């Protein structure tokens with residue numbers, strides 16, 4: 015057994031790299047911050063256009079506070095749900111299959127359909143053909159790519175990428191490849207080669 019495989023067999027489970035803090039910040043800005051700014055701008059412009067609504071007892075500031083609170087009541091729960099999905103990252107090898115979960119998406123591939131001998135650990139800045147290009151059913155933020163994509167080489171791939179440059183490209187016989195940002199790609203590849211050898 016190879017050293018990396020022995021390490022994983024001893025209990026060090028492979029894991030997907032979690033999204034960076036910048037992805038969570040972008041999510042908050044887009045889902046909560048931007049609507050609040052647009053709402054505040056609309057309220058500020060309304061008196062200039064003659065379309066201002068009647069003011070409550072609290073005056074202009076009271077009206078702005080009520081409107082912003084209403085927007086926050088809608089956007090904060092939405093942000094909380096999307097943030098939970100953002101942190102939903104799992105990689106499990108069990109029951110003869112590789113089970114991947116990333117944000118809202120899941121891919122389960124039997125070990126017998128993986129091709130670890132053809133897999134490569136690649137730098138996406140050098141292998142541009144493996145970069146995700148077209149999102150077909152996925153989730154994307156700065157520092158995060160998740161779900162189903164077409165790569166630049168036109169191949170279909172299930173993608174779980176955080177902010178790392180070096181990632182694992184793993185072809186399969188199931189009609190798509192896997193492009194994974196893993197904390198220990200060498201260890202995962204060694205483990206898959208061992209497990210897939212037993213599965214065949």
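Residue numbers (the working numbering): 15 to 214. By construction, the Cβ of each residue, glycine as well, lies at the ideal position given by its N, Cα and C atoms. These figures come from a predicted structure and were not determined experimentally.
**Report entry** the region 145–162 / the region 197–210 touching (three or more Cβ pairs under 8 Å)
**Finding:** no
Query - Same chain, Cβ closer than 6 Å to residue 192, neighbours up to 5 away in sequence not counted - result: Here residue 192 refers to the residue found at position 178 of the chain shown. Counting only Cβ-Cβ distances below 6 Å, and skipping sequence neighbours, we find 172, 184.
Report task. Starting from the N-terminal side, write out each stretch of the alpha helix (DSSP H) that is 4 residues or longer and does not extend beyond the region 140–176. Result -> none
Report task. Just confirm the distance between the C-beta atoms of residue 143 and residue 165, as a whole number of angstroms; I'd bet it's less than 8 Å. Result -> Position 129 of the chain shown, counted from the first residue, corresponds to residue 143. Position 151 of the chain shown, counted from the first residue, corresponds to residue 165. Residue 143 to residue 165, Cβ: 7 Å. Contact.
**Report entry** Short Cβ contact (7 Å threshold) for residue 81 with residue 114
**Finding:** On the chain shown, position 67 is the one that residue 81 refers to. On the chain shown, position 100 is the one that residue 114 refers to. No, these two residues do not count as a Cβ contact at 7 Å.
Query raised in the report: Where are the alpha helix (DSSP H) runs, 4 residues long or more, that stay fully inside the region 33–120, in chain order?
Result: 35–42, 48–63, 73–100
Query raised in the report: How many angstroms separate the CA atom of residue 40 from the CA atom of residue 47?
Result: Residue mapping note: residue 40 aligns to position 26 of the chain shown, counting from 1. Residue mapping note: residue 47 aligns to position 33 of the chain shown, counting from 1. Their Cα atoms are separated by approximately 9 Å.
Query raised in the report: If you draw a straight line from the C-alpha of residue 150 to the C-alpha of residue 75, how long is it?
Result: Here residue 150 refers to the residue found at position 136 when the chain shown is read from its first residue. Here residue 75 refers to the residue found at position 61 when the chain shown is read from its first residue. Approximately 44 Å, taken between the alpha carbons.
Query raised in the report: Is it right to say residue 36 is buried, meaning 16 or more other beta carbons lie within 10 angstroms of its own, or is it exposed?
Result: As a first step, residue 36 is located in the chain shown; it is residue number 22 there, counting from the start. Counting Cβ neighbours within 10 Å, residue 36 comes out exposed, since fewer than 16 surround it.
Report task. Work out the CA separation of residue 42 and residue 99 for me, nearest whole Å. Result -> In the chain shown, residue 99 corresponds to position 85, counting from 1. In the chain shown, residue 42 corresponds to position 28, counting from 1. Whole-angstrom Cα-Cα distance: 13 Å.
Query raised in the report: DSSP on residue 125, reduced to helix/strand/coil?
Result: Against the chain shown, residue 125 aligns to sequence position 111. In this structure, residue 125 counts as helix in the three-state DSSP scheme.
Report task. Express the C-alpha separation of residue 101 and residue 117 in angstroms, rounding to a whole number. Result -> Mapped onto the chain shown, residue 117 falls at position 103. Mapped onto the chain shown, residue 101 falls at position 87. C-alpha separation (whole angstroms): 7 Å.
Query raised in the report: Do residue 138 and residue 179 come within 7 Å of each other at the CB atom, strictly closer than that value?
Result: Taking the first residue of the chain shown as 1, we reach residue 179 at position 165. Taking the first residue of the chain shown as 1, we reach residue 138 at position 124. Yes, the pair counts as a contact, with Cβ atoms nearer than the cut-off.
Query - Where residue 210 falls: helix, strand or coil (DSSP) - result: Working through the chain shown from its first residue, we reach residue 210 at position 196. Of the three classes helix, strand and coil, the one that applies to residue 210 here is helix, per DSSP.
Query raised in the report: So, is residue 33 buried or exposed, given that buried needs 16 or more other C-beta atoms within 10 angstroms?
Result: For the purposes of this step, residue 33 is taken as the residue at position 19 of the chain shown. Per the 10 Å Cβ criterion, buried.
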